[in-house]
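For reference, the structure discussed in these notes is given below.
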Amino acid sequence: MNNLLRANFFRLKRDNMFYSCLFTTLGCSIGFMILWCLENAEKGALAGLDEFYFRLSAAMGFFYAMFTCMFLSVEYSEGTIRNKLAVGHTRREVYLSSFLTAFTASLCIAAAWLIGGLAGVPFLGFLTIGFGGTLLCFAIIVGYTAAFSAVNTFIGLLNDRRSATVITISVWLMLVLVSGFFASALHEPETITKAIVSFGEEAPSVITEPNPYYISGIQREVYEFAVDLLPTGQSSLLQNISIERPVRMLLCSAGVTAVFTLGGLRLFARKDLK
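Its first residue numbered 58, the sequence shown is counted upward by one per residue in the numbering used here.
Listed below in structure tokens is the structure:
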């Protein structure tokens with residue numbers, strides 16, 4: 058498999074889509090960070106780097122999907138997979154080397170995002186969450202990047218049609234919508250406050266009532282688990298460093314990566330490579 062990885066990384070160095078995603082991510086990270094810092098200065102707010110540094114987290118899944126599906130689609134269009142199998146490599150080696158290449162490239166894209174975010178340091182200083190908190194955030198990024206890579210490789214290698222790009226982006230959008238639904242439901246307050254205004258001289262009375270849309274009990278636990286399980290849910294939580302269950306998030310990322318990788322290996326072993 059080492060030869061397959063070397064060949065993939067050699068091709069990665071010359072892949073235009075990889076560099077497009079890399080530099081687009083870097084440029085967006087620098088540009089948005091400077092824009093946020095300038096807006097913060099105009100408002101006279103005393104925000105720290107923590108408030109803005111991870112804001113592009115939710116968008117990373119799009120760049121991961123774009124690169125992976127385009128990179129793997131060439132494997133079929135140019136007959137690369139058949140050539141790899143013809144010279145003696147197993148399907149297992151082909152699949153795992155593709156996943157590791159996608160994961161490595163996605164980590165490079167994530168690194169470009171994080172490096173670009175350092176443009177806010179001259180304005181806001183360094184992160185205040187400490188070394189342990191920063192390390193934990195980075196670990197979660199690595200975890201959900203691996204999960205994204207496993208899902209994208211699963212779709213890219215099991216679909217030999219040109220529609221793989223559309224399918225991959227559609228899956229990412231679907232995951233964004235699903236995780237957004239669960240997250241918005243969890244943000245509902247437990248109580249709501251109503252002010253009743255009278256036409257007399259009395260001051261308005263304030264009444265606190267239970268919120269009928271508040272999620273509680275087992276349903277809330279299920280919704281929280283769904284957000285922690287989905288890589289799009291984890292990336293959205295990281296935007297505001299809302300990390301309440303880091304161990305479960307890391308375990309969920311490992312579980313998603315394992316399920317899609319093992320499932321992909323089994324299905325790829327049976328796939329008819331025409």
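Ideal Cβ positions, reconstructed from N, Cα and C, are used throughout, including at glycine.
Residue i to residue j span [Cα, whole Å]
i	j	result
E266	E301	27 Å
T360	K70	Residue 360 cannot be examined here, being either before or after the span of the chain that is shown, 58 to 331.
N209	V223	12 Å
L171	I186	15 Å
G173	L157	24 Å
F160	T202	7 Å
K141	M306	36 Å
E247	N268	5 Å
N60	C126	22 Å
I212	Y121	13 Å
L287	F111	18 Å
R327	E96	55 Å
A168	L153	22 Å
I87	A176	6 Å
Host alpha helix (DSSP H) of residue i (start-end)
i	result
V144	Where V144 is concerned, there is no enclosing alpha helix (DSSP H), given that its DSSP letter is neither H nor E.
A221	A221 to L243
L100	What sits at residue 100 in the sequence shown is Lys, not Leu. Its alpha helix (DSSP H) spans residues N73 to K100.
N60	N59 to L69
G290	P288 to Q296
L181	V178 to L181
Reduced DSSP secondary structure (H/G/I, E/B, other) of residue i
i	result
E278	helix
E266	strand
I249	strand
A207	helix
L171	helix
D329	coil
I186	coil
A213	Residue identity check: residue 213 is Gly in the sequence provided, not Ala. In the structure shown, G213 sits in a helix (DSSP, three-state: H, G or I).
G200	helix
A104	coil
I272	coil
A320	It should be pointed out that residue 320 corresponds to Gly in this sequence rather than to Ala. Helix, per DSSP.
F128	helix
Distance CB(residue i)-CB(residue j) smaller than 8 Å
i	j	result
F128	M90	no
F119	I166	no
L62	G182	no
E245	Y280	no
F4	A207	The displayed coordinates of the chain run from 58 to 331. Any statement about residue 4 would go beyond what the structure contains.
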